[in-house]
Amino acid sequence: MTATHATRRTRLAELLPAHDVDAVLVTRGVNVRYLTGLASSNAAVLVTADGTATLATDSRYTETARRLCPDVEVRQERDVAGSLVATAAGRVGVEAHHMSVADYFRLGGDLPRLSGLVESVRRVKDEEEIDLIRTACALTDQAFGDVLPRLRPGVTEREVARALETRMIELGADKPAFDSIVASGPNGSIPHHSPSERPLQRGDLVTMDFGALYDGYHADMTRTVAIGEPAAWQRELYDLVRAAQRAGRHAVRPGALTHEVDAAARDLITAAGHGERFGHGLGHGVGLEIHEVPFLAPPKPDSDAGHARLEDRVPVTVEPGVYLPGMGGVRIEDTLVTRDAGPELLTRTTKELLVL
Numbered sequence: 001m002t003a004t005h006a007t008r009r010t011r012l013a014e015l016l017p018a019h020d021v022d023a024v025l026v027t028r029g030v031n032v033r034y035l036t037g038l039a040s041s042n043a044a045v046l047v048t049a050d051g052t053a054t055l056a057t058d059s060r061y062t063e064t065a066r067r068l069c070p071d072v073e074v075r076q077e078r079d080v081a082g083s084l085v086a087t088a089a090g091r092v093g094v095e096a097h098h099m100s101v102a103d104y105f106r107l108g109g110d111l112p113r114l115s116g117l118v119e120s121v122r123r124v125k126d127e128e129e130i131d132l133i134r135t136a137c138a139l140t141d142q143a144f145g146d147v148l149p150r151l152r153p154g155v156t157e158r159e160v161a162r163a164l165e166t167r168m169i170e171l172g173a174d175k176p177a178f179d180s181i182v183a184s185g186p187n188g189s190i191p192h193h194s195p196s197e198r199p200l201q202r203g204d205l206v207t208m209d210f211g212a213l214y215d216g217y218h219a220d221m222t223r224t225v226a227i228g229e230p231a232a233w234q235r236e237l238y239d240l241v242r243a244a245q246r247a248g249r250h251a252v253r254p255g256a257l258t259h260e261v262d263a264a265a266r267d268l269i270t271a272a273g274h275g276e277r278f279g280h281g282l283g284h285g286v287g288l289e290i291h292e293v294p295f296l297a298p299p300k301p302d303s304d305a306g307h308a309r310l311e312d313r314v315p316v317t318v319e320p321g322v323y324l325p326g327m328g329g330v331r332i333e334d335t336l337v338t339r340d341a342g343p344e345l346l347t348r349t350t351k352e353l354l355v356l
């Protein structure tokens with residue numbers, strides 16, 4: 001992917017003049033990987049306005065860096081950031097949202113502070129990235145289908161989570177994309193419940209939020225199933241969330257404002273009287289991180305949240321939920337990609353209520 005990484009660096013370099021800098025020092029590990037291909041615990045890359053790059057890392061990664069990045073100057077340094085700044089020409093901006101105050105002042109304390117610049121480039125994915133996310137989602141789908149028969153009364157939340165994670169790895173995932181959520185019965189009212197020793201019981205709704213990591217790229221999917229015949233209120237709640245999720249998916253298109261996509265789903269839940277029980281945003285970008293820009297959420301006057309426009313080739317999740325304390329909850333989530341011809345759904349497992 002050498003040519004791909006060079007293209008990414010060129011896209012970043014084109015943004016530098018508008019910020020009145022001659023180069024940018026990239027120290028955030030995930031951004032270094034995006035621009036060079038090197039995954040390292042100690043690396044930084046200096047990208048200049050003409051698109052050239054210098055990568056610094058220590059002796060543990062030097063050989064790998066030179067193999068992965070033949071078109072980039074590689075320096076073996078322990079103080080990766082300091083060495084690059086010391087030899088840079090002109091004004092060098094730094095990743096202010098990542099760098100500690102101590103490191104900033106160690107580098108001089110007067111460098112232009114940039115925030116989210118590489119992330120803004122990462123937002124739109126190339127087709128190679130989308131292929132990797134598509135594979136991660138396929139592994140996630142298959143693991144869910146394979147583990148589903150094991151969901152029965154007496155099996156604990158923790159056992160279900162472990163089964164999902166093990167199966168994803170058996171199928172080819174590097175590891176789980178994040179700590180899996182399995183929330184049964186009343187625990188379903190906690191959006192980020194940690195799996196416990198609670199056994200599944202007949203009459204439970206069970207929410208499972210999980211995903212595979214494949215070659216650095218993440219999948220994210222949530223499904224809610226019923227153990228035994230669901231009560232009327234459970235079916236009603238599920239049908240509401242499913243309708244909201246469908247509306248949110250259909251609103252994902254290039255040019256749409258992120259708060260408009262959020263509202264497409266949220267308005268249905270609010271009209272049904274459950275607006276206060278849907279407390280999180282509708283979704284988020286996904287890629288080298290499980291949570292990336294853009295964020296599908298209501299607008300905030302004092303920030304950019306909700307005001308961004310979607311573009312072609314932006315992977316996002318759509319995950320409305322309603323959570324009733326003491327009773328349970330429902331969340332349904334897919335990963336999809338914005339396309340000019342309509343959203344491409346990457347997580348394909350049915351969204352019908354499965355009764356086990």
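Position 338 of the sequence shown, counted from 1, bears residue number 338 in full-length UniProt numbering, the numbering being contiguous throughout. Heads up, the beta-carbon is just placed ideally off N, CA and C, and yes, glycines get one too.
Option nearest I133 by Cα separation, candidates V337, L354, T349, V355: Along the sequence shown, read from residue 1 onward, the residue named residue 133 stands at position 133. Of V337, L354, T349, V355, the residue nearest in Cα terms is V337.
Segments assigned alpha helix (DSSP H), at least 4 residues, entirely inside the region 190–276: 232–251, 258–271
T4 - containing beta strand (DSSP E), residue span: Along the sequence shown, one-based indexing puts residue 4 at 4. That residue, T4, is in no beta strand (DSSP E); its alpha helix (DSSP H) goes 2–13.
Per-residue burial, A173 [other beta carbons within 10 Å of its own, 16 or more giving buried]: As a first step, residue 173 must be located in the sequence shown, where it is residue number 173. Under this definition A173 is a buried residue.
Same chain, Cβ closer than 7 Å to R339, five either side skipped, listed in chain order: Your numbering for residue 339 matches position 339 in the sequence shown. Cβ within range, chain order: D312.
Contacting residues, own chain, Cβ-Cβ under 7 Å from H5 (five flanking each side not counted): Sequence index remark: in the sequence shown, residue 5 carries index 5 (1-based). Counting only Cβ-Cβ distances below 7 Å, and skipping sequence neighbours, we find L35, T36, G37.
Three-state class that DSSP yields for P294 in the structure shown: The residue given as residue 294 occupies position 294 in the sequence shown. The answer is strand: DSSP assigns P294 an E or B state.
8 Å Cβ shell around R123 - same chain, five flanking residues per side excluded: Against the sequence shown, residue 123 aligns to sequence position 123. G285, E292, V293, P294, E311, V314.
T54 (DSSP reduced to helix, strand or coil): Within the sequence shown, residue 54 is the residue found at index 54, counting from 1. Reduced to three states, the DSSP call for T54 is strand.
Alpha-carbon spacing of D267 relative to E289, whole angstroms: Walking along the sequence shown from the start, residue 267 turns up at place 267. Walking along the sequence shown from the start, residue 289 turns up at place 289. The alpha-carbon atoms of D267 and E289 are separated by roughly 29 Å.
Burial state of E129, where buried means 16 or more other Cβ atoms lie within 10 Å: Here residue 129 is taken as the residue at index 129 of the sequence shown, counted from 1. So E129 counts as buried.
Residue environment, G154, which counts as buried when at least 16 other CB atoms sit within 10 Å: Within the sequence shown, numbered from 1, the residue matching residue 154 stands at position 154. Label assigned to G154: exposed.
Segment contact flag, the region 14–24 with the region 88–102, C-beta cutoff 8 Å, min 3 pairs: yes
DSSP three-state assignment for D103, whether helix, strand or coil: Taking the sequence shown and counting its residues from 1, one reaches residue 103 at position 103. In the structure shown, D103 sits in a helix (DSSP, three-state: H, G or I).
Between the CA atoms of D179 and H192 - distance to the nearest angstrom: The residue you call residue 192 lines up with position 192 of the sequence shown. The residue you call residue 179 lines up with position 179 of the sequence shown. Computed Cα separation, rounded: 10 Å.
Rounded separation between A44 and T27 - CA only: If you number the sequence shown from 1, residue 44 lands on position 44. If you number the sequence shown from 1, residue 27 lands on position 27. Roughly 5 Å separates the two Cα atoms.
Cα-Cα separation, L345 to W233: Here residue 345 corresponds to residue number 345 of the sequence shown, with the count starting at 1. Here residue 233 corresponds to residue number 233 of the sequence shown, with the count starting at 1. In a straight line, the C-alpha of L345 is about 29 Å away from that of W233.
Beta-carbon proximity list for R8, same chain, < 7 Å, skipping 5 on both sides: The sequence position of residue 8 within the sequence shown is 8, counting from 1. Excluding sequence neighbours, R8 sits near Y34, L35, V121.
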